[in-house]
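Protein chains in written order, with the working numbering: chain A, 294 to 392; chain B, 6 to 325.
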């Protein structure tokens, strides 16, 4: 990181030359890029895991009782993209007799 | 019977075992399970195999060849081995009332050939002239206890002939039920011996036919298990000056007239239900009710009255 120096006059009265702004070395830039990328990836993983748990009713932020209720509600929802299934028809009656 | 309501089950009916067989298969429980129509065809194949191998009326059946074999030890197929084991179990379960060694007595009574398609004599005509009623008893010198099965070998006294009519239909229904466990519901009705089940079967209405009336004797609901009925009305014929039927009193070797004309039993398996139904009829009214009480059952007496016992006595679902 460059540091700007104030343009204070030198003891001789001549304005000293400002040191040119220096770009950080290439290796530092590369390291910063890697760290940023890794941080974003980890954050995405954490967020995805949380979302998955919450969808299944296991919200880690919830207390145990609230988690059970959330799971029960998730289980009662119709499948994604579908409608709730109608009850299956009753099985056919049978007749027992001698033969 | 009332009109059949809409059902999601595939239904297949056929004539086997001298009776009507009905196969009901509901939707598969999993996507990879075969189509119910294929399952019903497979079950039909199994049942036809049972008939061809175990019928004493077919001279070339495996049972007929076993009965004709002179040796006391005979190698048989797994199916016949299982059927003979089931027959021995039936005798043990019924304390000798359902005896697989009564073939000579059956033939003397007039049941030497199949009666499929032969109209039965009217039960109402037979009852007034039937002998005095008495409960059946086991035959003390019966040789069913000398029958054993070890792997594919059947051991029995040489010349002892077997009749598997007291257990084979129930066993067949159970074997078919084993193949339908991957379906939401099923029922295999082998001439009135019915095995019921499935992964989510629901309550299936079961009607008990009355032998003397058009209306059912009883009606209840069953989700899993089995029900079987034994009675006099379908295999009844004129003999001499009277009537004869296919249910033999082991102790006397003659037709049993016990005061019960039909017995229906509920049990976890169709084999056990069939055995209990026969034993319930042969035991007479009092002992029959006691025998059927644990799983539930129905007796129809000579006068047409209906007695229910166990779980069926309050017309709620039987706990098989």
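Note that the Cβ used here is the ideal one computed from N, Cα and C, for glycine as well.
Amino acids of chain A, ordered along the chain, whose beta-carbon sits closer than 7 Å to that of residue 269 (chain B): 389
Contact list for the stretch 15–48 of chain B against chain A, Cβ threshold 9 Å: Here the close residues are 16, 22, 23, 24, 25, 27, 29, 31 and 32.
Any beta-carbon of chain B closer than 9 Å to the one on residue 383 (chain A)? By this cut-off, residue 383 (chain A) is an interface position.
Could you check how far apart the C-beta atoms of residue 389 (chain A) and residue 234 (chain B) are, in whole angstroms? I think they sit under 8 Å. 5 Å
Who are the near neighbours of residue 194 (chain B) in its chain, counting only those whose CB is closer than 7 Å to its CB and skipping five residues on each side? 26 and 27
Whole runs of the alpha helix (DSSP H) within the stretch 203–278 of chain B, excluding any shorter than 4 residues: Those alpha helix (DSSP H) runs which fall completely within the stretch 203–278 of chain B and span 4+ residues do not exist here.
Do you know offhand how far residue 325 (chain A)'s Cα is from residue 341 (chain A)'s? 24 Å
Between which residues of its own chain and residue 187 (chain B) is the CB-CB distance below 7 Å, once the five residues before and five after are set aside? 33, 34, 35 and 38
Report back the beta-carbon spacing between residue 189 (chain B) and residue 203 (chain B) to the nearest angstrom; my notes put them in contact at under 8 Å. 5 Å
Looking at the unbroken beta strand (DSSP E) that takes in residue 16 (chain B), where does it start and where does it end? 15–21
If you draw a straight line from the C-alpha of residue 13 (chain B) to the C-alpha of residue 86 (chain B), how long is it? 36 Å
Compute the beta-carbon to beta-carbon distance between residue 307 (chain B) and residue 132 (chain B), rounded to the nearest angstrom, for a pair I have assumed lies under 8 Å. 6 Å
Secondary structure, beta strand (DSSP E): runs of 3+ residues fully inside the stretch 99–158 of chain B: DSSP runs (the beta strand (DSSP E)) wholly in the stretch 99–158 of chain B: 153–155.
If you measure between the beta carbons of residue 153 (chain B) and residue 279 (chain B), is that distance less than 9 Å? no
Taking residue 298 (chain B) as part of the beta strand (DSSP E), name the residues at either end of that continuous run. No beta strand (DSSP E) holds residue 298 (chain B); DSSP gives it neither H nor E.
Taking 9 Å as the CB-CB cut-off, is residue 232 (chain B) touching chain A? yes
Beta-carbon of residue 199 (chain B) versus every beta-carbon of chain A: anything under 9 Å? yes
Please classify residue 404 (chain A) as buried or exposed, where buried requires at least 16 other C-beta atoms within 10 Å of its C-beta. With chain A represented from 294 up to 392, any question about residue 404 (chain A) goes unanswered, as that position is not in the structure.
For residue 392 (chain A) and chain B, any beta-carbon pair shorter than 9 Å? yes
So what does DSSP say about residue 63 (chain B), is it helix, strand or coil? coil
Can you find the residues in the same chain that come closer than 7 Å, C-beta to C-beta, to residue 272 (chain B), ignoring five residues on each side of it along the sequence? 230, 231, 278, 281, 300 and 325
If we ignore side chains and look at the alpha-carbon of each, how far apart do residue 78 (chain B) and residue 156 (chain B) end up? Looking at the two C-alpha atoms, the distance is approximately 12 Å.
For the structure I just gave you, are there three or more beta carbon pairs, one from the stretch 44–54 of chain B and one from the stretch 209–229 of chain B, closer than 8 Å? no
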